[in-house]
Amino acid sequence: MTKIVILGAGGKMGYRCSSNLVGSPWQVAHVEVSAAGQERLKPLGIVCQPADEVLPEADVVILAIPDNVIGRATNQLAHLFKPGAILVALDAAAPFAGELPDRADLSIFVAHPCHPSIFNDENDPQARRDYFGGVAAKQSIVCALMRGPESHYELAVAIAQRMYAPVIEAHRATVDQMAILEPVLSETICATCLTVIREATDEAVRRGVPKQVAHDFILGHLNVELAILFDQMPGVRMSDAANRAVERAKKEIFVPDWKKVFEPAAIEESIRMITQVEA
Numbered sequence: 093m094t095k096i097v098i099l100g101a102g103g104k105m106g107y108r109c110s111s112n113l114v115g116s117p118w119q120v121a122h123v124e125v126s127a128a129g130q131e132r133l134k135p136l137g138i139v140c141q142p143a144d145e146v147l148p149e150a151d152v153v154i155l156a157i158p159d160n161v162i163g164r165a166t167n168q169l170a171h172l173f174k175p176g177a178i179l180v181a182l183d184a185a186a187p188f189a190g191e192l193p194d195r196a197d198l199s200i201f202v203a204h205p206c207h208p209s210i211f212n213d214e215n216d217p218q219a220r221r222d223y224f225g226g227v228a229a230k231q232s233i234v235c236a237l238m239r240g241p242e243s244h245y246e247l248a249v250a251i252a253q254r255m256y257a258p259v260i261e262a263h264r265a266t267v268d269q270m271a272i273l274e275p276v277l278s279e280t281i282c283a284t285c286l287t288v289i290r291e292a293t294d295e296a297v298r299r300g301v302p303k304q305v306a307h308d309f310i311l312g313h314l315n316v317e318l319a320i321l322f323d324q325m326p327g328v329r330m331s332d333a334a335n336r337a338v339e340r341a342k343k344e345i346f347v348p349d350w351k352k353v354f355e356p357a358a359i360e361e362s363i364r365m366i367t368q369v370e371a
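Have a look at this one:
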């Protein structure tokens, strides 16, 4: 039987992985150093074990630990990893930055959730409010095998589909492509633009628009404008007046060379900031 160890099993991501792997066809052990994390796992019937007891027998090690300590932690534990084991990272940052142990006998696999789409067919109230996914709402995931045999990809994808369930599709990409998706596309671009939208909404409220009116108005417009821009309404496009407003505003809000954030040097710098250890 395949043996899995979850490092950081009681953390935010670790708990979700641990919960979804309960009752799986694999033998799962849990490592969690914090007392709070250990207590969080108890209602699942999980008792944590020391890393030095379970890692030497682990075929797969899920690295559910923060990006800024994952390098230090895995290198401290490197001597415990079984030859031929698969290290499963939940984000591309540490593998991209070369933070994982430099052992050719270890496979490196990355799996990251897309999160449930804005455009979905969920009817269940719990699924409708499962914004992160991994509980009730369906989502796709993105996976990459950075190093190791193809058979390891097949096993790791099966595990990823279980720990992020329910999964619609497991997309395959490279680690470099995953670094473009996050942090660049999802955080540098999307989170920044959405933060500005929230700040603009607050500014409208400050200028006298009732809060509920502003929120209903912008959330409704986000829905329809995203549907148009992401081809959910074939044949429908934004009005000429809206397009003119967009082109005029882009020149005022964005610098002309804003796409430089996709350049390799910019990606490397962004990931260095994510993975560096805070003082």
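So the sequence shown is numbered by the numbering used here: it starts at 93 and just counts up by one.
Glycine included, every Cβ here is placed at the ideal spot set by N, Cα and C.
Just so it is clear, the structure is predicted and the values come from calculations on it, not from any experiment.
Per DSSP, reduced to three states, the secondary structure at Arg329 is coil, with no helix or strand assignment.
Contact between Ile96 and Ser110 fails: their C-beta atoms lie close to 10 Å from each other, not under 8 Å.
In this structure, DSSP gives His313 a helical state, which the three-state scheme calls helix.
The three-state reading of DSSP puts Gln119 in strand, counting E and B together.
Remark: C-beta atoms of Gly100 and Ile157 approach each other more closely than 7 Å. Note that the region 288-295 does not touch the region 142-156; fewer than 3 beta-carbon pairs, one per stretch, sit closer than 8 Å.
Inter-residue distance for Asp216 and His244 is about 35 Å (C-alpha atoms, whole angstroms). Ranked by Cα distance from Leu133, the first of Phe173, Gln119, Arg298, Tyr107 is Tyr107. In the DSSP assignment, Met93 falls outside any beta strand (DSSP E), carrying neither H nor E. Scanning its chain for C-beta atoms nearer than 7 Å, with the 5 sequence neighbours on each side dropped, one finds around Ala358 the residues Lys352, in chain order. Gln119 is the residue among Pro275, Gln119, Gly102, Leu113 whose C-alpha sits nearest the C-alpha of Thr94. When the alpha-carbon of Asn112 is set against those of Ile200, Ile138, Val125, Ile320, the nearest one is in Ile138.
Inclusion of Ala127 and Asp159 in the CB contact set at 7 Å is not warranted, their separation being larger than that value. Buried is the label assigned to Ser199, since at least 16 other Cβ atoms lie within 10 Å of its Cβ. Under the DSSP assignment, Gln231 falls in the beta strand (DSSP E) whose first and last residues are 231-239. Put simply, the backbone Cα of Pro356 is about 9 Å away from that of Asp268. Distance from the CA atom of Pro175 to the CA atom of Leu192, rounded to whole angstroms, is 15 Å. Apart from the 5 residues on each side of it in sequence, His122 sits with its Cβ closer than 7 Å to the Cβ of Ile98, Ala101, Ser110, Leu133, Ile138, Cys140, Gln141 in its chain, given in chain order. In the three-state DSSP reduction, Leu136 falls in the helix class (H, G or I).
Beta-bridge pairing by DSSP links Pro205 to Ile233. For Ile260, the secondary structure class from DSSP, reduced to helix, strand or coil, is strand. Counting only the Cα atoms, Arg340 lies some 10 Å from Ala334. Pairing Ala236 with Ala228 gives a Cβ-Cβ distance that is not under 7 Å. For Ile154, the enclosing beta strand (DSSP E) stretches over residues 152-155.
Between the alpha carbons of Phe224 and Asp294 lies a gap of roughly 25 Å. Distance check between Ala189 and each of Ala262, Ile251, Ala271 places Ala271 closest, using alpha-carbon atoms only.
Rounded to whole angstroms, the gap between the alpha carbons of Leu172 and Ala143 is 8 Å.
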